[in-house]
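Residue numbers for the sequence shown follow this note's numbering, so the first one is 2 and each next one is one higher.
For every residue, glycine included, the Cβ atom is placed at its ideal position computed from N, Cα and C.
Predicted model only: the values in this text are computed from it and were never measured.
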Amino acid sequence: MNDGYDAGYGDGGPYELVGYDEYGRPVYRQTDGRQTQQQYDPYGQQGGQTQQGYGYDPYATGGHQQPAYDPYGNGGGYGYDPYATGGHQQSAHDPYGQGAHPDGTGQQPRVTEQTAYIPEQHGHAPERTAHIPRQAGPADDARDDDGSAPEYRTEQFAFVEEPDDGSEDVIDWLKFTENRTERREEARRRARSRIVALTVVLALVVASGAGYLWYAGKLPGLSASDADTGTTTAAGAQKRDVLVVHLHDTENGGTSTALLVDNATTEQGTTVLLPNSLALTAEDGTTTTLAKSVEDDGSEGTRTALDTVLGTDIEGTWRLDTPFLLTLVDLVGNIEVDTDADVPDPNAKKGEAPLVRKGKGQTLSGKMAVAYATHRGPGEAQDAQLERFGQVLHGVLRKMTSDPDAATVTVQTLGQIIEPPLTDADLGAFLARLSDLAKGGDHRTRLLPVEEDGTLTAEASDSVVKDVLGGTAKSPDRDAAVTVSVRNATGDKDDTEKARVVLLNGGFTFLEGGTAGSAEATSEVVYADPEEKENAAEVAKTLGLPADAVTKGEISGNARVAVVLGQDYDPGS
């Protein structure tokens, strides 16, 4: 029970409420019995007496006359004088509790600071001292006989306050005084956790990317050619679709051959260019060349011979004559090619501008594309012309539609006859798939390297036959083809290359015999073994030389027949 507020408590006499501190707690001071009537009675319960401006009775329990509200209990009367300038009869409202001086002068007494003692409240916080401004007044008379302030014991008073163990101030203070080292350690632990998590994520990304490259056969050092490591799908086990396309030059003669490969496992498209000198085995078991096989054995026989030499499974043949190529390029809306030579217009007069100019990003129409694909400059090998043909094919694939149905319509619009077992729909769907790869940068062109005698090299076996085609090279025996050595004595160095092409296309093996120091009038075809006489006669016929040019003589080197080209040799014959 709190009984510390009773007047006259202990030895100190009565107390009066003088205000509230900054926390809203009441502050008391001691007064003598004569000032009791001026004490603030917050409830206005002073019996039947009428209070003259000293108390506020909110329930009107006082006398029959209620005075004006003086919140600090220091005013008198009913008038309101905010500056306290009235006379001694004014009941001015003094909001700060500073009434007029007792002498009636109206002067405010000098405010001094004194220590107010508060009655002890049992069971609460220990004593605390609060300072309030002191007002001079009748309370100053409450002195001891000797004029000094009465003495009180400290334990008689206590500072009334609520327990503050759970207050906001205590919580904030505890947060503020938290050990800074612990906070820093926590930040370090969080940073380490983030680094570990980031490392794990990066490791998973790298592992996923490497796994995809491994599956697709694109991982460097672990390509399909490394099948012996067992880390990738073996080249032979990959799924491929292969078509052979023969470009027939209907105006100048000759053919150009390429294989179109769609590898569904690695999602790569490839155009493999096949030189006309590639040695094949003919249907009768003899050795021949690709060019001669296309001419003599036709599409089906050549396809079978290529499967035997390359170890592939070609699904069909696309015969593309130059007029159909012209129409195809026009249908797709012209093509873009980086040309490597100026190509003259075959129908233009001398001195006119070339039909195709050398340069990057040249736009070719159908007519220009045909001229560029079949162009072979003076002294150039057939490989140069073959690579131009590959550029045109790549340009067509890039402009071709990737929709199978639309591509089939394009094929049907050409009006060409598709050789069985290939159909319009098959060719259209195949070209649409390659077109999609070419547009995505997943199509390339490769030239099949062959030896001078037309057989496949080790490089061809590894880089093209095995990796791209997934096959095994099986070139005919070198001894199966007749080896012909050619020595140029015509005075025109280009005649050697022309003779080489003719001989290779005729199924012979060509050997370079050099150039004579001086020109000779007539040509000779020499054989050393009588069994080679018939082969020598066939060589003379292939080169367009007369039958009497064949003679028996000495031959050096590994050739079975030796040829000396004279000025009577006509490459166009």
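Closer than 7 Å by C-beta to residue i: which residues in its own chain qualify, once you throw out the five before and the five after it? Chain order, please.
i, result
"D141", "Only weak support exists for where D141 lies, its pLDDT of 46 falling under 50; the coordinates are left without a value."
"I419", "D425 and L428"
"V469", "V262, T271, V273 and R447"
"K475", "T309, V310 and G312"
"M369", "L356 and V357"
"P405", "G429, A430 and A433"
"G360", "T340"
"S462", "A474"
"E284", "D298 and G302"
"S294", "L281, A283, G302, T303 and A306"
"A192", "none"
With distances taken Cα to Cα, identify the nearest neighbour of residue i among the options.
i, options, result
"S519", "G396, Q568, K350 and V451", "Q568"
"E316", "T411, V410 and L428", "L428"
"Q239", "E268, Y29 and G545", "E268"
"G573", "K499, A407, A548 and A560", "K499"
"A439", "P450, L415 and S403", "S403"
"P324", "L566, N489 and Q417", "Q417"
"A265", "L275, D242 and V246", "D242"
"G441", "M401, K475, T414 and V451", "M401"
"A517", "T484, L435 and T497", "T497"
"R304", "S209, L275 and R399", "L275"
"V451", "G210, D406 and L291", "L291"
"V551", "Y570, A342, S524 and D443", "S524"
"G515", "N536, D493 and V197", "D493"
"N536", "E521, K553 and A522", "K553"
"L512", "S462, V565 and A548", "V565"
"G380", "Y570, G367, E296 and D495", "D495"
"L546", "E533, Y570, G360 and E532", "Y570"
"G334", "L307, T411 and D297", "T411"
"D346", "L415, T409, I336 and Y373", "Y373"
"G378", "V344, P421, R189 and H247", "V344"
"P421", "G210, A208 and S300", "S300"
"V371", "A354, T251 and A188", "T251"
"A382", "T409, H444 and E453", "E453"
On the DSSP letters alone, give me the boundaries of the beta strand (DSSP E) that residue i sits inside.
i, result
"S486", "T484 to N489"
"H247", "R241 to H249"
"L470", "Taken as a continuous stretch (DSSP letters only), L470 belongs to no beta strand (DSSP E), as it is neither H nor E."
"A563", "V562 to L566"
"D263", "T256 to N264"
"R19", "According to the sequence displayed, residue 19 carries Val and not Arg. Per DSSP, V19 belongs to the beta strand (DSSP E) from Y16 to Y21."
"Q31", "P27 to Q31"
"A511", "Correcting the residue type first, residue 511 is Phe in the shown sequence and not Ala. Here the beta strand (DSSP E) through F511 covers T510 to T516."
"L275", "Q269 to L275"
With a threshold of 6 Å on Cβ separation, who are the neighbours of residue i within its own chain once the five nearest residues in sequence on each side are excluded?
i, result
"P477", "A280, T282 and T288"
"K351", "none"
"V338", "Q363, L365, Q392 and G396"
"H249", "T256 and D322"
"G507", "T543"
Grab me the residues of residue i's own chain with a C-beta within less than 8 Å of its C-beta, minus the 5 sequence neighbours each way, in chain order.
i, result
"N253", "T375"
"L244", "L260, L261, I315, E316, G317, T318, W319, L423, L428 and F431"
"I556", "S486, V527, Y528, A529, V562 and A563"
Hey, residue i and residue j are a contact pair by Cβ (cut 8 Å); roughly how many whole angstroms apart?
i, j, result
"N277", "L505", "7 Å"
"T256", "V262", "Not really, about 19 Å apart at Cβ, beyond 8 Å."
"T313", "G472", "5 Å"
"A259", "F431", "Their Cβ separation, rounded to whole angstroms, is 14 Å, which puts A259 and F431 out of contact at 8 Å."
"L544", "V483", "Not quite, the Cβ-Cβ distance comes to about 13 Å (not below 8 Å), so this is no contact."
"L398", "S436", "5 Å"
"A490", "E521", "4 Å"
"D297", "A306", "Incorrect: roughly 11 Å between the Cβ atoms, too far for contact."
For the alpha helix (DSSP H) holding residue i, just list the boundary residues, first then last.
i, result
"G302", "G299 to L311"
"L321", "Segment G317 to D322 is the beta strand (DSSP E) holding L321; no alpha helix (DSSP H) there."
"N506", "D495 to N506"
"E576", "Any question about residue 576 goes unanswered here, given that the chain covers just 2 to 574."
"L394", "Q383 to K400"
"A280", "Premise fails: A280 lies in the beta strand (DSSP E), A280 to T282, not in any alpha helix (DSSP H)."
"V451", "Segment: none, V451 is in no alpha helix (DSSP H) and carries neither H nor E."
"F431", "D425 to K440"
"T617", "Summary: the structure shown does not reach residue 617, with the chain confined to residues 2 through 574, and so no result is reported for it."
"L590", "The shown model of the chain, from 2 to 574, leaves out residue 590, and the question about it has no answer."
Strictly under 8 Å for the Cβ-Cβ distance: is residue i near chain D by that measure?
i, result
"G25", "The structure shown contains no chain D; it is built from a single protein chain."
Subject >> Every unbroken beta strand (DSSP E) inside the segment 331-380 [3 residues or more] >> reply: 336-340 and 360-365
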